[in-house]
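Straight run, no breaks: the sequence shown in this note's numbering ends on number 239.
Even for Gly, the Cβ is constructed at its ideal location relative to N, Cα and C.
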Amino acid sequence: MSACDAFIQKQPANTSSAETDCWLYRPGIIPYQTAWHWQKQLVDARRKNPDLPDLLMLLEHPPVYTLGQGADKQFVKFAPTDQTPPVLRVERGGEVTYHCPGQLVGYPILNLQRHRPDLHWYLRQLEAVLISTLHAFDIPAERNPGLTGVWVNGYKVAAIGIKASRWITMHGFALNVCPDLSGFQKIVPCGIVDKPVGSLIQFRSTLTVKQVQFTLEQQFSRVFQRQLIPRSLPQMFL
Numbered sequence: 002m003s004a005c006d007a008f009i010q011k012q013p014a015n016t017s018s019a020e021t022d023c024w025l026y027r028p029g030i031i032p033y034q035t036a037w038h039w040q041k042q043l044v045d046a047r048r049k050n051p052d053l054p055d056l057l058m059l060l061e062h063p064p065v066y067t068l069g070q071g072a073d074k075q076f077v078k079f080a081p082t083d084q085t086p087p088v089l090r091v092e093r094g095g096e097v098t099y100h101c102p103g104q105l106v107g108y109p110i111l112n113l114q115r116h117r118p119d120l121h122w123y124l125r126q127l128e129a130v131l132i133s134t135l136h137a138f139d140i141p142a143e144r145n146p147g148l149t150g151v152w153v154n155g156y157k158v159a160a161i162g163i164k165a166s167r168w169i170t171m172h173g174f175a176l177n178v179c180p181d182l183s184g185f186q187k188i189v190p191c192g193i194v195d196k197p198v199g200s201l202i203q204f205r206s207t208l209t210v211k212q213v214q215f216t217l218e219q220q221f222s223r224v225f226q227r228q229l230i231p232r233s234l235p236q237m238f239l
């Protein structure tokens with residue numbers, strides 16, 4: 002068993018398409034509010050029809066700050082105006098974070114009843130996806146005991162914040178590939194005052210979002226034991 006495989010907790014093999022397939026959407030750069038609305042629609046559809054397959058949306062956002070539902074505003078170090086990126090409070094867990102182009106964002110909408118109805122397990126699986134993705138580029142990614150996310154040489158390169166309702170997940174992870182990190186200087190990222198934020202290009206200077214996304218898709222499929230099926234966005238989203 003490899004070091005990466007040690008992060009993955011296996012589930013029994015399934016046979017039906019809803020239990021083996023995961024739809025994959027790659028919409029590009031999308032405003033946060035738009036993708037947030039999409040997530041809520043997709044979750045609602047799966048509440049009404051539990052036979053719908055799991056789904057993974059991979060995208061980037063224009064600059065935006067988001068706070069988890071219990072986040073403390075003291076970690077936002079500026080007064081929002083029309084000239085600053087939006088600051089939105091959303092229903093995920095966690096404190097404030099920043100999204101911008103160059104950051105690969107993933108929103109898995111999974112029915113954990115098909116996997117394991119355990120949010121701690123789910124968080125560790127998301128970390129496993131990210132860690133194994135970075136290991137594929139010889140980047141020494143790891144966990145930081147007691148903290149959620151992924152770290153490289155003391156820098157936090159990926160944040161995770163989720164919500165689950167009736168064991169159907171939304172929100173997800175943000176991996177800093179090649180973003181402008183200056184937006185993080187206006188907040189205390191994830192409420193952690195003594196840990197710097199970093200990006201993958203600090204360690205592999207030529208990496209692009211497209212390269213990392215391709216590898217992440219492979220690792221997501223492996224960790225969650227699902228076949229990713231690329232799909233066009235439903236007409237209601239266009």
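- In this structure, leucine 127 sits away from isoleucine 169, with a CB-CB distance that is not shorter than 8 Å.
- Between the alpha carbons of aspartate 181 and isoleucine 30 lies a gap of roughly 15 Å.
- In chain order, His62, Pro63, Val65, Thr67, Pro87, Leu89, His100 place their CB closer than 8 Å to the CB of tyrosine 33, counting only its own chain and leaving out the 5 sequence neighbours on each side.
- Between the alpha carbons of proline 51 and asparagine 112 lies a distance of about 8 Å.
- For histidine 116, the secondary structure class from DSSP, reduced to helix, strand or coil, is coil.
- Uninterrupted alpha helix (DSSP H) stretches at least 4 residues long and entirely within the region 76-130 do not occur.
- Taking the C-beta atoms as reference points, glutamine 220 is found nearer than 8 Å to serine 133.
- DSSP places phenylalanine 138 outside both helix and strand once states are collapsed to three, so it counts as coil.
- Take the alpha-carbon of phenylalanine 225 and the one of arginine 117: they are about 10 Å apart.
- Only exposed fits histidine 38, as fewer than 16 other CB atoms lie within 10 angstroms of its CB.
- Excluding residues up to 5 positions away in sequence, Leu53 lie with their Cβ nearer than 7 Å to the Cβ of alanine 46 in the same chain.
- The beta-carbon distance between valine 151 and leucine 217, rounded to whole angstroms, is 12 Å. This is too long to meet the 8 Å contact definition.
- Following the DSSP letters along the chain, one finds phenylalanine 215 inside the alpha helix (DSSP H) bounded by residues 210-225.
- The C-alpha of proline 231 is placed about 32 Å away from the C-alpha of tyrosine 156.
- Counting along the chain, leucine 43 sits inside the alpha helix (DSSP H) bounded by residues 33-49.
- Annotation for alanine 19: the continuous alpha helix (DSSP H) segment containing it runs 18-21.
- Take arginine 205, set aside five residues on each side of it, and the residues of its chain with a beta-carbon closer than 7 Å to its own are Phe138, Ile140, in chain order.
- In the three-state DSSP reduction, lysine 187 falls in the helix class (H, G or I).
- Under the 10 Å beta carbon count, aspartate 55 is surrounded by 16 or more other beta carbons and is classified as buried.
- Of the other Cβ atoms in all chains shown, fewer than 16 fall within 10 Å of the Cβ of asparagine 145; this residue is therefore exposed.
- Secondary structure note for threonine 207: it is in no beta strand (DSSP E), with a DSSP letter that is neither H nor E.
- If you ignore the 5 residues before and after glutamine 104, its C-beta comes within less than 7 Å of the C-beta of Glu61, Ala175, Leu176, Asn177, Val178, Pro180, all in its own chain and listed in chain order.
- Nearest neighbour of tyrosine 108 by Cα position, chosen from Val210, Lys164, Arg227, turns out to be Lys164.
- Looking only at Val97, Pro235, Ser222, the smallest Cα-Cα distance to glutamine 186 is reached by Val97.
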